[in-house]
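*Asks:* In our numbering, the protein residues as written are 477 to 696. I'd like to ask you about the structure that follows.
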Amino acid sequence: MNLALFDLDNTLLNGDSDFEWAQFLIEQGVLDRELFEAKNLAFYEQYKAGTLDIYEFLDFQLKPLSRHARKVLNGWRDDFMQYKVRGMMSVPAQELVARHRAAQDVCIIITATNSFVTSPIAREFGVEHLIATEPEEKDGEFTGGVSGVPCFREGKITRLESWLAQRGWGWNSFADSFFYSDSLNDLPLLAKVNNPIAVDPDATLRKHAEQHGWRILTFR
């Protein structure tokens, strides 16, 4: 039994669902463009530079969820999937996931983007397991806060190991392990697996991958 881990944004997706979700809400008039667009761009640049304060970002990203009923949010998310996300799902990424599924590997999408946005994307890829940042809920509605450890940088390792332990598994439960990612922010988890694979990597990750002889793929 093997473990196959996939980052989502700019790895399986040709784009960033976190960033695009905020842009989508701006385009729909749900968020004020003047107030939110510049902040969204700034947070995205900080993420790419490896300087993102995850809690500051989550306050920005999750608060809008608390201002609207879940039914309304679900409708917007359906439109987001149709008009934004499906066009970001590349054929090579879908084929990669299909190969690991055919091999009966344990496949997990592990992403810093919140589970509300990413759960239908994981289903679209046919990936049963999703480990994502969890928005806090009360009585079925979002509070605007975060529940537990954000699934970001070292937090991905924390969340993954907790997920494995709940199933009676550990790293040694698998004959082999793979992690596909584009981002320098995933270096901690990439260093934990047997097969770290850089997918269309940013400059920092590309340099690290080249220095350590990691595989580099492109889905673009």
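For glycine and all other residues, C-beta sits at the position ideal for the given N, C-alpha and C.
1. For F628, which of G644, D492, N661, S591 has the nearest alpha-carbon?
2. On the DSSP bridge list, what partners appear for I585?
3. Quick check on the DSSP output: the alpha helix (DSSP H) that includes S591 runs from which residue to which?
4. Is any non-hydrogen atom of the ligand HEM found closer than 7 Å to the C-beta of E521, if you look at the structure I gave you?
5. Would you report the Cα separation of N550 and M557, rounded to the nearest angstrom?
6. How is P611 classed by DSSP in three states: helix, strand or coil?
7. Can you tell which of T634, K668, L663 has its C-alpha closest to the C-alpha of F650?
8. Work out the CA separation of I585 and L479 for me, nearest whole Å.
9. Per DSSP, what kind of secondary structure is F618 in: helix, strand or coil?
10. Can you give the Cα-Cα distance for F533 and E612, rounded to whole angstroms?
*Replies:* Let me lay it out:
1. It is N661 whose Cα lies nearest to the Cα of F628.
2. BP columns for I585 point to F482, L606.
3. 591-601 is the extent of the alpha helix (DSSP H) around S591.
4. Absence of the ligand HEM from the depicted structure is noted, as is the absence of any ligand whatsoever, leaving it without description.
5. In this structure, the alpha-carbon of N550 lies about 10 Å from that of M557.
6. The answer is strand: DSSP assigns P611 an E or B state.
7. For F650, the closest C-alpha among the options T634, K668, L663 is that of K668.
8. So the two alpha carbons sit approximately 11 Å from each other.
9. F618: strand per DSSP, three-state reduction.
10. Approximately 15 Å, taken between the alpha carbons.
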